[in-house]
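Notes follow once the structure below has been shown.
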Amino acid sequence: MLLLVLVAGLIYGPYLNRTISYDEAYTLRHYAFSPVYALLSYTLPNNHILNSFLIWIMTSLAGKSELVVRFPAFAAGLLSLAAVYHLTNRFFGQLAGLLSAAILMCHPVFILYAISARGYSLSILLTLLLITLVLHSGRPNRATTYSLIAICAGLILTLPSMAVLVAAVGAWALIKRRAVVPPIVVGTIVGGMFYLAAFSRGTFHDVGGGYYGLSTPAALLGEFVDLVFTSALAPGILLGLLAVVGAIGLARRRVSLGLLLVAVFVIPAVLVLVQWVVRGDVFFGRNYLFLLGPLALLAGYGCRMLFRRWSLGLVPICMALSVIAAPVAIPQEGTVLLMQRIQANLRPGETIVIGNDLNEPVWYYLGHQHQDWFTPDIEHGRVYFVETNYQLLSDLLTEYKLNRPGLRCQPAGAEWEPFQVKVCYLP
Numbered sequence: 110m111l112l113l114v115l116v117a118g119l120i121y122g123p124y125l126n127r128t129i130s131y132d133e134a135y136t137l138r139h140y141a142f143s144p145v146y147a148l149l150s151y152t153l154p155n156n157h158i159l160n161s162f163l164i165w166i167m168t169s170l171a172g173k174s175e176l177v178v179r180f181p182a183f184a185a186g187l188l189s190l191a192a193v194y195h196l197t198n199r200f201f202g203q204l205a206g207l208l209s210a211a212i213l214m215c216h217p218v219f220i221l222y223a224i225s226a227r228g229y230s231l232s233i234l235l236t237l238l239l240i241t242l243v244l245h246s247g248r249p250n251r252a253t254t255y256s257l258i259a260i261c262a263g264l265i266l267t268l269p270s271m272a273v274l275v276a277a278v279g280a281w282a283l284i285k286r287r288a289v290v291p292p293i294v295v296g297t298i299v300g301g302m303f304y305l306a307a308f309s310r311g312t313f314h315d316v317g318g319g320y321y322g323l324s325t326p327a328a329l330l331g332e333f334v335d336l337v338f339t340s341a342l343a344p345g346i347l348l349g350l351l352a353v354v355g356a357i358g359l360a361r362r363r364v365s366l367g368l369l370l371v372a373v374f375v376i377p378a379v380l381v382l383v384q385w386v387v388r389g390d391v392f393f394g395r396n397y398l399f400l401l402g403p404l405a406l407l408a409g410y411g412c413r414m415l416f417r418r419w420s421l422g423l424v425p426i427c428m429a430l431s432v433i434a435a436p437v438a439i440p441q442e443g444t445v446l447l448m449q450r451i452q453a454n455l456r457p458g459e460t461i462v463i464g465n466d467l468n469e470p471v472w473y474y475l476g477h478q479h480q481d482w483f484t485p486d487i488e489h490g491r492v493y494f495v496e497t498n499y500q501l502l503s504d505l506l507t508e509y510k511l512n513r514p515g516l517r518c519q520p521a522g523a524e525w526e527p528f529q530v531k532v533c534y535l536p
C-alpha cells in the first residue's frame with residue numbers, strides 16, 4: 110500500500126507547480142492571506158474554509174510557491190488512498206483494499222482535486238475517516254470522541270454542503286450506534302459556528318446561490334454522472350461498473366457497513382428532493398464528490414468478487430491509467446500566454462481589464478508588480494479589455510461603469526491572439 114501511495118505521489122507531484130487556476134487564485138487573494146478572513150469570511154463559496162486556513166498555515170511557513178499552496182489538497186489526496194485502503198481492508202481483505210485505492214488513484218476528477226488548492230480532496234478524506242470511526246466497535250473512547258468532533262467540524266468547514274453527509278451518518282448512528290451521535294452533533298455545531306459572521310451580515314443566504322446552480326434533481330444527477338463516470342472515460346466507467354458489482358455483493362452480506370453506505374447514498378438523494386421542493390433548485394454535482402471514496406470502496410470489493418486473485422493485475426493497469434489521466438484532467442487555462450501578451454504589448458499609461466476566469470490568476474502573478482495596469486479607477490485613456498466565456502466587452506463595461514458617451518472600441522491587433530481583446534478609448 111505504501112508503494113501505491115508513493116507511486117501516486119510521483120505521478121501527481123510534477124503537476125503541483127503548474128500555473129494557478131482561477132478558483133485557486135481567488136482563494137489566495139481574498140481568503141487564504143489571513144487566518145481571520147480564511148476562517149470567518151464567507152462572502153463567496155470559493156472559500157472552502159478549512160482548506161483556506163491550511164493554505165494560510167503553509168504559505169506562512171514555507172512561502173507562496175504553487176507547490177506550497179497546493180500541498181494541503183495534495184496531502185489529503187494521498188491520505189485518501191490510504192484511508193480507502195484501510196476501510197476496505199477491514200471488511201473485505203487486503204486485496205480489495207489495494208484495488209479500491211488503485212481505482213481511486215486513477216480517477217481524473219480525484220487527480221485534479223488532489224493537485225489543486227481546493228477543498229474537495231479534503232472532503233473525500235474526511236468522509237472516509239468519518240465512516241471508519243463510526244464503525245468502530247464498542248463505545249467511543251475519549252480519542253474517538255474528539256476525533257469525531259474534529260472530523261465533523263472539518264467536514265462542515267470544508268463545504269457547508271457536507272451537512273448532507275453528516276446528516277446521513279447521524280441518521281444511521283441513531284439506529285445502529287447511538288453512542289457516536291453526541292460527538293457528531295457537537296462537531297457539526299462547532300463547524301457551523303464559523304459561519305455565524307456570514308449569517309449575522311445576511312450574506313450566507315446570498316452565498317448559497319453559488320452552490321445552488323442546477324434547476325432540477327435530474328440535472329444534478331446528469332452532471333454528477335458525467336463528472337464521475339462518463340467524462341472520466343475508462344477510469345470512470347471502471348469505477349461505476351465495479352461499484353455496482355460491489356453493491357450487489359454487499360447486499361448479500363449482513364455487515365454494518367452495508368446499511369451505513371445505503372444511508373450515505375440515499376439520504377443525500379432524499380435531501381436533494383427536499384431542496385428542490387423548498388428552493389426550486391439544487392446543489393452543483395461537485396458538491397457530492399465526497400461519494401468518490403465510498404464508490405471506490407465498493408469498486409474494490411466488486412473487482413475482488415469478479416476476478417478473485419487475478420484482480421491484482423488491475424493495480425498496475427490503474428497506475429498506467431493515472432499516468433495518462435493526470436495531464437488530461439488538468440484544464441488549460443491560458444494564463445501564462447496571456448501574461449506574455451500583456452507584458453509584451455501593454456505600454457506605460459495603458460490599463461487592462463480582464464474577464465472572469467483569467468482575471469484572478471493574472472492579478473495573482475502580476476498585480477503586485479504592476480498594480481497600475483489593473484487599477485479599477487479608470488478615468489480616461491486607452492484601455493484593453495480581454496473577453497472570456499464568462500464576461501464579454503458589454504459585461505466588463507457595465508461592471509466598471511464605463512459606458513460613456515463618446516466611447517470608441519475596436520478589436521486589438523493580431524499581437525494579442527489567440528485572445529479576444531478589444532481596445533477602447535475613454536473620453
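Numbering-wise (our numbering), the sequence shown opens with residue 110 and increments by one.
Just so you know, even glycine gets a beta-carbon here, dropped at the ideal spot from N, CA and C.
One alpha carbon belongs to Y493, the other to C427, and they sit about 47 Å apart. Look at the beta carbons and you see the segment 121-136 touching the segment 458-474: at least three pairs across the two are nearer than 8 Å.
Cα atoms of P269 and P217: separation of roughly 24 Å, rounded to the nearest angstrom. Per DSSP, the continuous beta strand (DSSP E) segment holding L535 begins and ends at 529-535. When DSSP states are grouped into helix, strand and coil, G490 belongs to the strand group. Here L505 has V462, G464, F494 as same chain residues with Cβ atoms under 7 Å from its own Cβ, once five neighbours each way along the sequence are excluded. For the options G118, Y151, E524, the alpha carbon positioned closest to that of A453 is the one of E524. For secondary structure counted as the alpha helix (DSSP H) over 4 or more consecutive residues, the segment 177-227 holds these complete runs in sequence order: 203-214, 217-223. Between I439 and L221, the gap from beta carbon to beta carbon is short of 8 Å. Each residue's CA atom was taken as its position, placing V353 and Y509 some 52 Å apart. Segment contact: the segment 234-253 against the segment 398-410, three or more CB-CB distances shorter than 8 Å; contact assigned. Contact annotation, G206 with G409: C-beta distance approximately 7 Å; criterion of less than 8 Å satisfied. With respect to S174, E442 sits apart: the two C-beta atoms are not nearer than 8 Å. Using a C-beta cut-off of 8 Å, the segment 253-265 makes contact with the segment 291-303, since at least three inter-stretch Cβ pairs fall below that distance. With distances taken between CA atoms, N156 lies nearest to R138 out of G522, R138, I166. No Cβ-Cβ contact shorter than 8 Å links P144 with I164.
Cβ atoms of Y121 and F183 come within 8 Å of each other, at about 7 Å. In this structure, F162 is the residue among S169, F162, M271 with its C-alpha nearest to the C-alpha of A226. Secondary-structure assignment with DSSP links T460 through a beta bridge to V492. For R413, there is no enclosing beta strand (DSSP E); the enclosing alpha helix (DSSP H) covers residues 401-416. The C-beta distance from D466 to T507 rounds to 17 Å, too long to fall under 8 Å, and the pair is not in contact. The segment 226-267 is shown to contain whole alpha helix (DSSP H) runs of 4 or more residues at 229-243, 251-267, in chain order.
Nearest C-alpha to C412 among S150, L266, A210: A210. In the three-state reduction of the DSSP assignment, F392 falls in the strand class, which pools E and B. Rounded to whole angstroms, the gap between the alpha carbons of G279 and V371 is 13 Å. Listed as beta-bridge partners of Q519 by DSSP are V532. Counted as a single uninterrupted DSSP element, the alpha helix (DSSP H) harbouring L347 occupies residues 342-360.
Using a Cβ distance threshold of 8 Å, L264 and L274 count as a contacting pair.
Distance from the CA atom of L176 to the CA atom of F338, rounded to whole angstroms, is 29 Å. Listed as beta-bridge partners of L323 by DSSP are V391.
R450 counts as buried, since at least 16 other C-beta atoms from the protein chains shown sit within 10 angstroms of its C-beta. Note that the C-beta distance between L188 and L113 is not below 8 Å. Straight-line spacing of the CA atoms in L342 and A429 works out to 14 Å. F219 and V375 have their C-alpha atoms spaced approximately 22 Å apart. Residue range 423-438 is occupied by the alpha helix (DSSP H) that includes M428. By the Cβ-count criterion, W482 is buried, with 16 or more other Cβ atoms from all chains shown falling within 10 Å of its own Cβ.
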